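Residue 7 is where the sequence shown starts when you use the working numbering, and the numbers rise one by one after that. Cβ atoms here follow ideal geometry from the backbone N, Cα and C, with glycine treated the same way. None of these values were measured; they are calculated from a predicted model.
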Amino acid sequence: MRPLLSRAQTRDELFGNGPDFAPNGPLYLQGALTNLPPDLPIVVDFGNPKQIYRLATATPDTAAQRTRVELQPWVMPAAPPPAHMFAVPPPVAPGATLITAGALPAGLKEPALKTSLSFVSTAADTPPEQLAALVQQAAEGLLVALAALAAAPPSYETSRAIDEALAALRALRTVVDQLLQKIAPSLSFGARVAQLKAWLERAVAALERRPRIQPQPSPVDLADIVTRLRAEPPLALAQLRGPAYLTRDLTAVFARTSTQVKQLQIALAPQLAMLPQALNGAVLRGNGPVAPYAMRLRAAPFGANLPKKVTQNGATIKLEEWTLNEEPSAAGQQAAAADQEAAKRLFLDNAYIGIAPGQFVAILAPGKTTPEVFSVQNAVVRARTVYGVTAPTTELTLDREWWDPATATFANLRGTVVYAQSEPLDLAPAPNDRPLQAAEPIDLDMVYDFLPTGRRLVVAGERADLPGVPASEPVILASADEVKPEHPGEIYHTRLQLQNPLRYRYRRDSATIYGNVVPATHGETRREVLGSGDASVAYQRFMLRQAPLTYLAAPTAVGAESTLELFVDDVRWHAAARLAGLAPTAQRYILRTDDDQKTTVIFGDGKQGARPPTGAENVRAVYRSSIGKDGNVPIDRISLLATRPPGVKAVTNPIAATGGADRESRDQARRNAPLAVMSLDRLVSVQDYADFARSFAGIGKAAVGLLSDGGQEVVHLTIAGADDIPIEDSSDLYRNLVAALRRQGDPYQPLVVAPRELVALFISANVRIDPDYLWETVQDHIRARLLDTFSFDRRELAQDATLGAVIAAIQAVDGVTFVDVDLLAGIDQATAANADALDAHLSTLIASIKPANSRPDARVPALPARPWIDPLTHEQSLRPAQLVYLPPAVPELLHLELLP
């Protein structure tokens with residue numbers, strides 16, 4: 007499922023709610039071949055009134071089949087100001103105290119300006135003279151702001167600030183218009199207010215014409231990127247526990263628009279089964295409160311291009327202007343009544359068959375700066391006889407008077423420009439680039455017929471705060487509703503409400519919501535006939551042919567359970583921990599795995615566990631093979647289906663697999679074996695939590711402490727995966743460990759389980775060797791010895807790394823005669839997360855190697871779990887125990903030099 011990538015365009019968004027209907031942003035039209043040349047007149051019907059604009063730009067988007075249109079007001083200055091100059095200085099009249107630099111109040115700040123504007127806009131009952139003073143004060147404040155912005159370098163932020171000043175200028179212009187209606191121009195301050203209005207008109211026009219500056223991508227900040235990558239928000243409890251623990255709100259589940267209600271309707275009325283498909287094809291047509299029209303025709307009134315009338319008085323020939331409705335060939339020299347000019351009638355200079363009733367015409371009359379828009383009630387193409395000619399014309403009947411023929415002259419016809427043949431332009435949904443984030447609902451791109459509450463989903467996509475970095479997370483669906491379109495261009499679609507906020511912000515055009523989500527674990531399924539049972543044989547054995555046998559994480563005392571299902575004569579037998587103590591008829595078996603990872607099934611002897619009955623190939627097994635860290639695959643690595651269930655076309659893993667661990671080595675088993683009897687599967691003391699966790703499958707190390715989180719005492723358990731495998735809080739390993747701790751211990755004991763905090767060792771040493779040895783060989787042996795001594799397996803949580811251990815490890819290598827350690831230091835995760843701090847720390851460490859008399863630290867401390875207060879927010883949290891070891895993935899952290 008994909009999120010909806012579009013949104014409706016509304017009047018307030020496109021043109022605001024001010025009286026001048028100035029364009030606020032781009033307009034999106036249907037289709038990529040709209041044939042919209044620059045400067046084309048565009049009429050926008052708001053119902054009442056209708057406004058005309060000029061087309062600034064039209065950018066087609068072929069992929070989305072829409073065109074992005076920028077409109078600009080009709081009235082523009084002759085030439086636009088330079089890109090870095092936005093303010094227009096007011097005129098200075100002799101003796102007038104207008105808005106000048108000398109009259110500006112010193113130190114006028116934005117809060118004072120906002121206060122003045124607020125008071126001006128609400129001061130309907132203020133005396134006119136006092137209101138005029140307030141208006142001038144607000145205008146002076148705006149000029150201060152514009153002067154400062156004009157001096158600033160051109161930038162997107164500066165342009166945004168000027169947009170805010172422009173909105174304030176428009177509001178102030180409205181107040182001035184209202185003020186002029188209250189006062190008489192003859193008043194002492196009336197002329198100043200009129201001049202102020204003229205300045206506001208010029209300032210608004212100049213600011214509207216200024217070049218737009220698009221936002222530029224911010225420079226790459228490595229420290230910020232690392233910090234964002236390190237910030238891993240925890241999964242909510244509902245996301246960890248799954249749908250079974252979801253608290254359902256039945257009011258929301260069975261809301262009128264819920265998909266559950268639609269499913270109920272389909273269940274009771276099967277004829278509605280195609281309702282989702284029908285809704286997916288429905289689109290709300292029309293333009294609603296904003297309807298744009300392209301004025302395709304530019305024309306003139308009939309007679310506008312006629313030569314002047316020739317008159318002769320004796321020998322004198324003169325050219326005179328025609329009088330309205332004059333026709334020399336007619337009686338009384340007046341045109342027929344049907345051909346005479348009329349207040350609601352407009353004759354065009356030619357026959358235009360494309361003009362029809364219901365269209366708009368815009369008429370720019372002499373002396374006017376902006377055309378006036380009229381509706382065509384009737385349009386007739388015919389011949390007209392007037393002004394000494396008979397020619398084709400288009401007679402338009404308008405919805406109201408466009409001029410007054412009683413007072414007008416023929417010059418009005420010559421100076422009038424007509425824009426006609428309005429073509430409707432359908433609005434298209436605007437692109438929606440708002441990220442998917444937090445607890446906001448997710449609108450999908452169509453109607454989905456069945457999304458039950460509590461369904462597992464996965465949201466995946468590119469992070470909005472880190473371009474190019476993918477992320478994904480499991481979520482639980484709280485409700486799914488059907489959204490009915492409210493604005494033209496909108497479609498029926500499904501809206502998802504998640505149980506918990508998203509952990510990351512996702513780019514909408516890259517996001518995918520996976521709805522068919524099933525838990526997946528490691529291992530390939532095998533079906534084998536192990537052999538034939540023989541009741542005469544005690545402790546009969548059968549070996550599984552495929553190794554190793556897969557064990558899955560489980561909330562048990564050992565933390566894992568076998569995938570083996572054993573059937574004898576088609577009756578399932580169950581695994582037991584041991585044969586001792588089993589009843590003679592117990593249908594149980596035990597498993598044993600050798601050093602070659604071969605697993606053997608062992609049955610009882612008839613006294614302790616039953617023997618398998620005699621039969622031909624009646625012992626059958628179903629199990630999975632393969633185990634270990636190889637199963638920890640990254641996102642989208644699984645793409646092949648071993649089996650293909652009906653209806654399944656493809657498969658992927660939108661979430662990285664974690665928690666896979668190799669089997670214990672003999673040394674690890676020897677070390678962990680006593681831990682099982684220390685806790686006896688019951689968590690009573692604080693130390694029992696660590697002993698239990700260390701014997702849990704997949705956990706390599708554990709340390710526990712009783713700490714205060716600022717409000718209560720909690721058992722804080724720090725864990726590290728086997729071989730330091732990553733442990734996500736969404737993994738089965740983590741969830742099963744927490745569940746087992748709750749089950750085996752006090753369920754009311756506050757418990758915090760956190761992965762270890764790594765501290766990487768940085769060692770620099772100078773070594774002198776015996777002349778009989780090769781440095782290449784000794785260096786490799788030293789490196790291997792240190793990597794083993796300070797490996798993950800040999801280190802413990804909160805165990806310091808000492809200088810003596812480093813020297814002893816190097817000195818124990820054959821061929822080493824002398825060692826001088828210059829540096830022993832640690833680099834913790836908090837420092838590594840900040841690029842600047844890491845660079846400074848490394849520079850300090852490297853600089854400390856050079857002085858001849860420098861002495862390395864005697865130890866690198868590994869801190870236990872402890873309370874921690876953020877120095878910026880002063881919030882208290884609990885930090886996990888540290889683990890200090892030498893990571894083999896960064897070989898340069900071990901620096902060795904040969905001494906002569």
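- Rounded to the nearest whole angstrom, the CA to CA distance from LEU536 to LEU11 is 56 Å.
- An exposed status is given to GLY653, since fewer than 16 other beta-carbon atoms sit within 10 Å of its beta-carbon.
- Here SER883 carries a strand assignment [DSSP, helix/strand/coil].
- Excluding residues up to 5 positions away in sequence, LEU809, VAL827, ASP828, LEU829, LEU830 lie with their Cβ nearer than 7 Å to the Cβ of PRO862 in the same chain.
- Under the Cβ criterion (8 Å, minimum of three pairs), the segment 837 to 851 does not count as touching the segment 793 to 810.
- Taking C-beta separations shorter than 6 Å and ignoring five residues to either side along the sequence, the partners of ASP730 in its chain run PHE798, following chain order.
- For the set GLU347, ASN438, THR605, the Cα lying nearest the Cα of TYR629 is the one of THR605.
- DSSP, reduced to helix, strand and coil, places TRP781 within a helical segment of the structure shown.
- DSSP lists THR317 as the bridge partner or partners of LYS324.
- When DSSP states are grouped into helix, strand and coil, GLY821 belongs to the coil group.
- Taking C-beta separations shorter than 8 Å and ignoring five residues to either side along the sequence, the partners of THR783 in its chain run GLY821, following chain order.
- By the Cβ rule, the segment 508 to 524 does not count as touching the segment 695 to 708, because fewer than three pairs are nearer than 8 Å.
- Burial check for PHE52: the Cβ neighbour count within 10 Å stays below 16, so the residue is exposed.
- Following the DSSP letters along the chain, one finds TYR695 in no beta strand (DSSP E) but inside the alpha helix (DSSP H) bounded by residues 692 to 700.
- When secondary structure is reduced to three states using DSSP, GLU19 falls in the helix class.
- Between LYS707 and ALA667, the C-beta spacing is not below 8 Å.
- Of the residues PRO491, ASP515, GLN888, ALA771, the one whose Cα lies closest to the Cα of ALA709 is GLN888.
- With respect to ALA14, PRO435 sits close: the two C-beta atoms are nearer than 8 Å.
- DSSP places PHE416 in the helix class (H, G or I) of the three-state scheme.
- For the 8 Å CB-CB criterion, VAL367 and PHE380 form a contact.
- Beta-bridge partners of GLN36 (DSSP): ARG72.
- In the DSSP assignment, TYR740 falls within the unbroken alpha helix (DSSP H) covering 738 to 750.
- The residues PHE548, TYR595, in chain order, have a CB closer than 6 Å to that of VAL607 in the same chain once the five nearest residues on each side in sequence are set aside.
- The beta-carbon distance between LEU747 and LEU757, rounded to whole angstroms, is 6 Å. This is short enough to meet the 8 Å contact definition.
- Taking 8 Å as the cut-off, the Cβ atoms of PRO363 and ALA385 count as close.
- Per DSSP, the continuous alpha helix (DSSP H) segment holding SER854 begins and ends at 841 to 855.
- If you draw a straight line from the Cα of ASP601 to the Cα of GLY727, it is about 22 Å long.
- Taking every protein chain shown into account, the CB of PRO47 has 16 or more other CB atoms within 10 angstroms, so this residue is buried.
- In the three-state DSSP reduction, HIS528 falls in the coil class, being neither helix nor strand.
- Membership of ALA726 in the beta strand (DSSP E) is indicated by the continuous run 719 to 727.
- A straight-line Cα-Cα distance of about 11 Å links THR569 and PRO554.
- Looking at the backbone, the Cα of PRO897 and that of ASN638 are separated by about 23 Å.
- In terms of Cα proximity to ARG643, the closest of ASN659, LYS655, VAL543, ALA790 is ASN659.
- The segment 448 to 494 is shown to contain whole beta strand (DSSP E) runs of 3 or more residues at 462 to 468, 476 to 489, in chain order.
- Distances from the alpha-carbon of ARG741 to those of VAL49, LEU558, HIS847, ASP432 put LEU558 closest.
- Secondary structure of GLY716 (DSSP, three-state): coil.
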